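Counting with the UniProt record's numbering, you get residues 1 to 414 for the letters of the sequence shown. Single-structure report; data block below.
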Amino acid sequence: MALSVQEMGQRAKKATAQVAGLSLATRNTLLKNMGAALLMRQDEIIAANQQDLVAYGASLSRPMQKRLTLDSDALTAIAESLAAVATLPDPLAGPYDTWENHAGLKIVKKIVPLGVVAMIYEARPNVTVDAAALALKSGNAVILRGGKEAIHSNTVLATILRDVLIDQNLNPDIIQLITDTTHESVNTLLHMREAIDVLIPRGSAAFIDYVVANATVPVIETGAGNTHIFVDASADQAAALRIIHNAKTQKPAVCNAAEKLLIHEAIAQEFLPKIADRLIAARVALRGDQASLGIDGRLTPASDADWDTEYNDLVMGIKIVPDVTAAIDWINTHTTHHSETIISQDPDNIAAFMNQVDAAVVYQNASSRFTDGFEFGFGAEIGISTQKLHARGPMGLPALTTIKYEALAMAIRA
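As structure tokens, this is what we get:
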């Protein structure tokens, strides 16, 4: 019989002492063994994934189907990512800040795991492995709750990871998967303050908003990316075409893909038809404001809802703005605080944009697709935080740690 969510929380809490005490060598060996096990049992994983695709693939957009699919290439990439995490420095190793206070106490600011990390996410089975790997590497227990679209894939993946722990005589509850995909399991998880140290949701803006609004456990808000690119009057237009095409079409279903394009009115007549040619050739549907529609009749009218929508698909909204100030104001009104880009050669406009736009990452003449833990040199990420407390932007292993002070008396003190 399946455990209740509360029982899983209790078991995860008990497992924290063991996982926090594992040596770096043991954690790294486990990660490598997990990668090998996934490859050894890939037929089992692919068969389960086919069940998910048959059940839910037709209801998903093509980019979302791609994210759900696990084939031999995808599993090889996942195994390689586990090996890569094994090569990363120990996030718990320090060096620690140390000092002596006025009373002669030696104080050590130690880095420790958060404890129990819970992840709620949608149709992305790779997150099951990524989250488990990063939690293990940072000495945390993890409770995973994926979407119903990937339940067969996630169940097999979690079983394989747990089997590796069992093979090493370790508590398998270091990694647990909630197989109940009803809303009740999510709501229970949101209120388990006695067991969950932090909850990280990944998914649509509406889903993340729901979690943030209803959770009583600590939450790190992540992921939703209503990401804008502003093309200034001074922009290198050839570079702008390349950047926009990359940011929109490379992987349209991810949170760092561009969703909206703002164009300075001084170049709109010239630039809009050029970028429309390129995006339409890539099968991107373009929705525009009235000014955009007047320039290029291939666009369809954008609704008010479009400006706040993360499409996760080959769709882009286009708006004409009079200047950089209007672009900044528009972005700050509609941003999800993820990633925002200016393409410009005007240093004053660039400085204004970089300083005034309220986002975790702001780019000058570069694609928002670089908002990624690997691209930032972190080696991996648990998510992209769009809030300002504890962590912001791509969250590498240090984001899964906290601090603990040790006060050491060199003699008996009172």
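Note that CB positions come from ideal geometry on N, CA and C, so glycine has one too. Since the structure is predicted, the reported quantities are computational estimates derived from the model, not experimental observations.
Quick check: the Cα distance between residue i and residue j, rounded to an integer number of angstroms?
i           : j           : result
residue 282 : residue 135 : 38 angstroms
residue 318 : residue 124 : 29 angstroms
residue 63  : residue 343 : 26 angstroms
residue 279 : residue 310 : 17 angstroms
residue 169 : residue 390 : 34 angstroms
residue 277 : residue 18  : 57 angstroms
residue 255 : residue 375 : 14 angstroms
residue 145 : residue 219 : 15 angstroms
residue 287 : residue 6   : 46 angstroms
residue 200 : residue 388 : 14 angstroms
residue 378 : residue 90  : 12 angstroms
residue 80  : residue 3   : 32 angstroms
residue 46  : residue 12  : 28 angstroms
residue 369 : residue 173 : 35 angstroms
residue 403 : residue 138 : 13 angstroms
residue 271 : residue 205 : 30 angstroms
residue 24  : residue 132 : 16 angstroms
residue 351 : residue 185 : 46 angstroms
residue 69  : residue 349 : 42 angstroms
residue 241 : residue 50  : 38 angstroms
Go ahead and pull the three-state DSSP assignment for residue i.
i           : result
residue 34  : helix
residue 62  : helix
residue 310 : coil
residue 204 : coil
residue 97  : strand
residue 273 : helix
residue 404 : strand
residue 148 : helix
residue 303 : coil
residue 138 : coil
residue 383 : strand
residue 264 : strand
residue 424 : Any property of residue 424 remains undetermined from this structure, which presents the chain solely from 1 to 414.
residue 396 : coil
residue 364 : strand
Excluding five sequence neighbours on each side, which residues of the same chain lie with their C-beta closer than 8 angstroms to the C-beta of residue i?
i           : result
residue 408 : 105, 106, 107 and 108
residue 236 : 343, 345 and 365
residue 96  : 108, 109, 110 and 111
residue 155 : 48, 177 and 179
residue 216 : 190, 191 and 193
Since residue i contacts residue j with CB under 8 angstroms, what's their CB separation in whole angstroms?
i           : j           : result
residue 295 : residue 261 : Actually they do not touch by this definition, with Cβ atoms about 13 angstroms apart.
residue 203 : residue 338 : Contact flag wrong, Cβ pair sits at about 13 angstroms.
residue 37  : residue 163 : 7 angstroms
residue 397 : residue 88  : 6 angstroms
residue 143 : residue 21  : Not really, about 19 angstroms apart at Cβ, beyond 8 angstroms.
residue 34  : residue 161 : 5 angstroms
residue 393 : residue 385 : 6 angstroms
residue 207 : residue 149 : Wrong, their Cβ atoms sit about 13 angstroms apart, outside the cutoff.
residue 304 : residue 332 : Their Cβ separation, rounded to whole angstroms, is 17 angstroms, which puts residue 304 and residue 332 out of contact at 8 angstroms.
To which residues of the same chain is residue i closer than 6 angstroms at the C-beta, ignoring the five residues directly before and after it?
i           : result
residue 285 : 315
residue 233 : 264, 266 and 267
Short of 7 angstroms in beta carbon distance, which residues of its chain neighbour residue i, apart from the five on each side in sequence? Order them along the chain.
i           : result
residue 86  : 28, 31 and 32
residue 252 : 63, 312, 313 and 314
residue 320 : 263, 265, 268, 289, 291 and 292
residue 244 : 229, 258, 261 and 275
For the alpha helix (DSSP H) holding residue i, just list the boundary residues, first then last.
i           : result
residue 19  : 5-20
residue 194 : Taken as a continuous stretch (DSSP letters only), residue 194 belongs to no alpha helix (DSSP H), as it is neither H nor E.
residue 41  : It is not in any alpha helix (DSSP H) - residue 41 carries neither H nor E in the DSSP assignment.
residue 378 : Taken as a continuous stretch (DSSP letters only), residue 378 belongs to no alpha helix (DSSP H), as it is neither H nor E.
residue 248 : 237-249
residue 290 : 290-295
residue 79  : 72-87
For the beta strand (DSSP E) holding residue i, just list the boundary residues, first then last.
i           : result
residue 185 : Unbroken run through residue 185 is the alpha helix (DSSP H), 183-190; no beta strand (DSSP E).
residue 230 : 227-231
residue 410 : From DSSP, residue 410 is part of no beta strand (DSSP E); its letter is neither H nor E.
residue 117 : 116-121
residue 341 : 339-343
residue 417 : Because the chain spans 1 through 414 in this model, residue 417 falls outside it and cannot be assessed.
residue 176 : 175-177
residue 113 : 105-113
Is there a Cβ of chain C sitting closer than 8 angstroms to that of residue i, yes or no?
i         : result
residue 9 : No chain C appears in the structure shown, which is made up of a single protein chain.
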